[in-house]
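Structure first, commentary second.
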Amino acid sequence: MNNRLKETTFLLLSFIATVQTAHAQDRPEVSVGADIVSGYIWRGQELGGFSVQPSASLSWKGLSLSAWGSASLESEYAKEFDLTLGYATGGFSISLTDYSFSKGTNFKSGSMIEGKYFHYGSRSTLHVFEAQVGYDFDVVAVNWHTNIGGNDGRRSNGKRAYSSYLSATAPFRLGGIDWNATIGVTPWETTFYNNGCDGFEVSELSLGASKTIRVTERFGLPLSAKAIWNPATENAYFTVGLSL
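Residue numbers (numbering that gives the first Met the number 0): 0 to 243.
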């Protein structure tokens, strides 16, 4: 783990420790779930076909530790396993995520490699370390993400790009259905997004809808659908998902 990542992790943990209040201890909350999706589209990029995506989280007083994964039925796509340490209070949130993949291209060597989980060397890792900060204003949620270590993208000069992504999501309700509209952009040059971008690009324009389908009085299945456009790559997707 490089010095920048160590410093960022230390600052994140220090911030969390500082903002914790001294009120009586609450019980930690644990949640486990899974999504089944027709396609895995992440920030306007296709990362999987029909996929199963399990998740688990432990939260306490705004502090959370979560695990998330994705496995596609098609063998051409990499399996993904993410760990996120985060803190949220009011509308403010901050987090550090370790994305790991079973296979992919290493940004230093340019070679296609199998991802070994405990390999963190710059020429052998498929881990990506990302810092996030955001604020939910109720009418719109704004989030900034920056890769701070691991298998990041590069600039044309060969240096690490510290690839970043800015998104804004506006939720609303219409016709008895919950909707959300999202725009996501990459602010500068990087090979990490959109098969390589030269500068500012719009990576995602999406409109999603979700509704719980009642099976019985006490049991329902949350169903979602999303239309996604990536102006940078000129691709469009339509996905559906079911949450368990």
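Beta carbons: idealized from backbone N, C-alpha and C, even for Gly.
Query                                                                                                                                                   : Result
Please identify the residue among L46, L57, P53 whose C-alpha is closest to the C-alpha of V29.                                                         : L57
Counting only the same chain and skipping the five closest in sequence on each side, list residues whose C-beta sits under 8 Å from that of N194.       : T232
Under three-state DSSP, which class holds T185?                                                                                                         : strand
Would you list, in sequence order, the uninterrupted beta strand (DSSP E) runs of no fewer than 3 residues that lie entirely inside the stretch 88-148? : 91-100, 102-104, 111-113, 126-135
How many angstroms separate the CA atom of Q24 from the CA atom of V201?                                                                                : Confidence in Q24 is poor, its pLDDT being 49 and thus under 50, which makes the residue's placement unreliable; the coordinate value appears in the next sentence. Their backbone Cα atoms lie some 44 Å apart in a straight line.
State the Cα-Cα distance for the pair I182 and E203, rounded to the nearest angstrom.                                                                   : 5 Å
Rounding to the nearest angstrom, what Cα-Cα distance links G120 and I112 in this structure?                                                            : 13 Å
Look at the Cβ atom of A180, then the Cβ atom of L222, and state whether they are nearer than 7 Å.                                                      : no
Does the stretch 165-173 touch the stretch 140-147, meaning 3 or more C-beta pairs lie closer than 8 Å?                                                 : yes
Taking the alpha-carbon positions, what's the D97 to S65 distance?                                                                                      : 11 Å
How many whole angstroms separate the CB atoms of G43 and N229, which I take to be in contact at a CB cut-off of 8 Å?                                   : 4 Å
Please name the residue, chosen from G114, Y116, G133, S108, that lies closest to R122 on a Cα-to-Cα basis.                                             : S108
Given a cut-off of 7 Å, decide if V127 and G149 are closer than it, judged by their beta-carbon atoms.                                                  : yes
If you draw a straight line from the alpha carbon of S99 to that of E216, how long is it in whole angstroms?                                            : 40 Å
Throw me the rounded Cβ distance for the F199 and W187 pair, which I believe falls under 8 Å.                                                           : 7 Å
In three-state terms, what does DSSP make of I227?                                                                                                      : strand
From the DSSP secondary-structure annotation, give me the bridge partner or partners of P154.                                                           : According to the sequence as given, residue 154 is Arg; it is not Pro. None; R154 has no bridge partner.
Quick check: the Cα distance between S110 and G103, rounded to an integer number of angstroms?                                                          : 8 Å
Using alpha carbons as the reference points, say which of W178, F49, L62, E75 lies closest to L84.                                                      : L62
Please state whether the Cβ-Cβ distance between A224 and A208 is less than 7 Å.                                                                         : yes
Rank V51, S74, E75 by C-alpha distance to the C-alpha of W67 and give the top, closest one.                                                             : V51
What residue range does the beta strand (DSSP E) around V214 cover?                                                                                     : Careful: V214 lies outside any beta strand (DSSP E) and carries neither H nor E.
Using the C-alpha atoms, what's the distance from G90 back to F136?                                                                                     : 6 Å
Got a sec, what are the start and stop residues for the beta strand (DSSP E) N234 sits in?                                                              : 234-242
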